[in-house]
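**Student:** Everything in the sequence shown is counted per this note's numbering, starting at 2 for the first residue and increasing by one.
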Amino acid sequence: MNLADDGRGVMVRNTSSDFDPESAIIDADLLVKYRMVNRAIETLERAIDSMPRHVGLREKLREILIDAGRRDHAAQQCLALASLLISAGDLEHANERLLEAKRLDPRVSVTGQFRDMRKTEPAAPPTIRTQKILQGSLSDVNLFDILQIVENSHLTGALTISSSVCDGEIHFDQGQIIGAKSGSDSGMKALSKIAGAVDGTFEFEKSGKDYEHTIQASSNTALILDMLRAKDEEDHGLGALDAF
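1. Could you say which of ALA181, PHE205, VAL33 and LEU80 lies nearest to GLN217 if we only look at CA atoms?
2. Check whether the segment 23-31 touches the segment 41-48, taking contact to mean three or more Cβ pairs, one atom from each stretch, closer than 8 Å.
3. Closest by CA to LEU156, which one among SER164, GLY70, HIS172 and ASP146?
4. Provide the residue span of the alpha helix (DSSP H) that contains GLN77, from first to last.
5. DSSP three-state call for SER164: helix, strand or coil?
6. Okay, do the segment 141-150 and the segment 197-208 touch, 3+ Cβ pairs below 8 Å being the bar?
7. For THR128, count neighbouring Cβ atoms within 10 angstroms of its own Cβ and tell me buried if that reaches 16, exposed if not.
8. Does the beta-carbon distance from ALA83 to ALA102 come in below 9 Å?
9. My guess is that ALA198 and ILE225 are in contact by the Cβ rule of under 8 Å, so how many angstroms apart are they, rounded?
10. SER183 lies in the beta strand (DSSP E); which residues open and close that run?
11. Going by DSSP, which residues form a beta bridge with SER187?
12. When DSSP labels each residue in this structure, what does GLU170 get in the three-state scheme?
13. Please report the straight-line C-alpha distance between ALA1 and GLY90, rounded to a whole angstrom.
14. Among ARG36, TYR35 and SER51, which residue has its Cα nearest to the Cα of GLU23?
15. Assuming LEU45 and ALA25 are in contact, meaning their beta carbons sit under 8 Å apart, how far apart are those beta carbons, in whole angstroms?
16. How many Å lie between LEU58 and HIS74 at the Cα?
17. So which of GLY201, SER183, ALA81 and ASP227 has the shortest CA-CA distance to VAL56?
18. Taking the alpha-carbon positions, what's the ARG47 to ARG108 distance?
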């Protein structure tokens, strides 16, 4: 059995030697920084699926849920944390989380809670109604939020962006980004340019067109995290988005 310290002195069972909970926490912080709270929550929930007894992952998820106003889900994480902390002998912090759960959601029943505690199931993502056309202003809706809407709706088609930075298109297949173009640029170089758009308009049009695959990524989350890291480096003078 492999044990790991969760950063608070509590030893937890590591169910996968390849899994790095600290990376998940860092990724979640980066996503929150760029107002992608739902994606940060999903990232932590997937990590918790791999290591359900990791206190640090649940503490970070609890923190983000509270900040997002999702008090009932935060209360469930508090209860899960209380159970883990009791198992680790940390009764003081366990009591704090138990009381916090009750404050966050008065409906919570703590009688016999620890005896019947089970792994907290990830909250189901909100259902987003698929629309034939999405359109609006980038000054009102963040580009990354639009990408998440398209992904969650499993849409296939093109997102057209017109801004002072550039004009371009991002192509999707069942919600997955598969390509982009802007002027003479395509693939990651075009996507990086489009990612800098903060004004102008957007429009998504569903289409059965077979778009050229100019971008290969395991997931939109991995792709977006790469772009956010590059943007952070650019902001600190360490690189540029078109370094892709």
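We put the beta carbon where it would ideally sit given N, CA and C, even for glycine.
**Tutor:** According to the structure shown:
1. Position 216 of the sequence shown, counted from the first residue, corresponds to residue 217. The residue with the shortest Cα to Cα distance from GLN217 is ALA181.
2. Counting Cβ pairs under 8 Å, three or more are found: they touch.
3. Sequence index remark: in the sequence shown, residue 156 carries index 155 (1-based). Relative to LEU156, the option among SER164, GLY70, HIS172 and ASP146 whose CA is nearest is HIS172.
4. Position 76 of the sequence shown, counting from 1, holds the residue named residue 77. Following the DSSP letters along the chain, one finds GLN77 inside the alpha helix (DSSP H) bounded by residues 72-88.
5. In the sequence shown, the residue the question calls residue 164 occupies position 163. When DSSP states are grouped into helix, strand and coil, SER164 belongs to the coil group.
6. Touching, per the Cβ criterion.
7. For the purposes of this step, residue 128 is taken as residue 127 along the sequence shown, with counting starting at 1. Note on THR128: pLDDT 41, under 50, position unreliable in the model; the coordinate value appears next. By the 10 Å Cβ count, THR128 comes out exposed.
8. Counted from its first residue, the sequence shown places residue 83 at position 82. Counted from its first residue, the sequence shown places residue 102 at position 101. Yes.
9. For the purposes of this step, residue 198 is taken as the residue at position 197 of the sequence shown. For the purposes of this step, residue 225 is taken as the residue at position 224 of the sequence shown. Their Cβ separation, rounded to whole angstroms, is 14 Å, which puts ALA198 and ILE225 out of contact at 8 Å.
10. Residue numbering aside, residue 183 sits at position 182 when the sequence shown is read from its first letter. In this chain, the beta strand (DSSP E) harbouring SER183 covers 177-183.
11. Within the sequence shown, residue 187 is the residue found at index 186, counting from 1. Under DSSP, SER187 forms a beta bridge with LYS182.
12. Taking the first residue of the sequence shown as position 1, residue 170 is located at position 169. Correct three-state label for GLU170: strand.
13. Residue coverage of the chain in this structure runs from 2 to 245, which leaves residue 1 outside it and unanswerable.
14. Counted from its first residue, the sequence shown places residue 23 at position 22. The shortest C-alpha separation from GLU23 is found at SER51.
15. Along the sequence shown, read from residue 1 onward, the residue named residue 45 stands at position 44. Along the sequence shown, read from residue 1 onward, the residue named residue 25 stands at position 24. Indeed they touch by this definition, with Cβ atoms about 6 Å apart.
16. Translated into the one-based positions of the sequence shown, residue 58 becomes position 57. Translated into the one-based positions of the sequence shown, residue 74 becomes position 73. Between LEU58 and HIS74, the C-alpha separation is close to 14 Å.
17. On the sequence shown, residue 56 is found 55 positions in, with the first residue counted as 1. Comparing C-alpha distances from VAL56 to each of GLY201, SER183, ALA81 and ASP227 shows the shortest one belongs to ALA81.
18. Residue numbering aside, residue 47 sits at position 46 when the sequence shown is read from its first letter. Residue numbering aside, residue 108 sits at position 107 when the sequence shown is read from its first letter. Take the alpha-carbon of ARG47 and the one of ARG108: they are about 27 Å apart.
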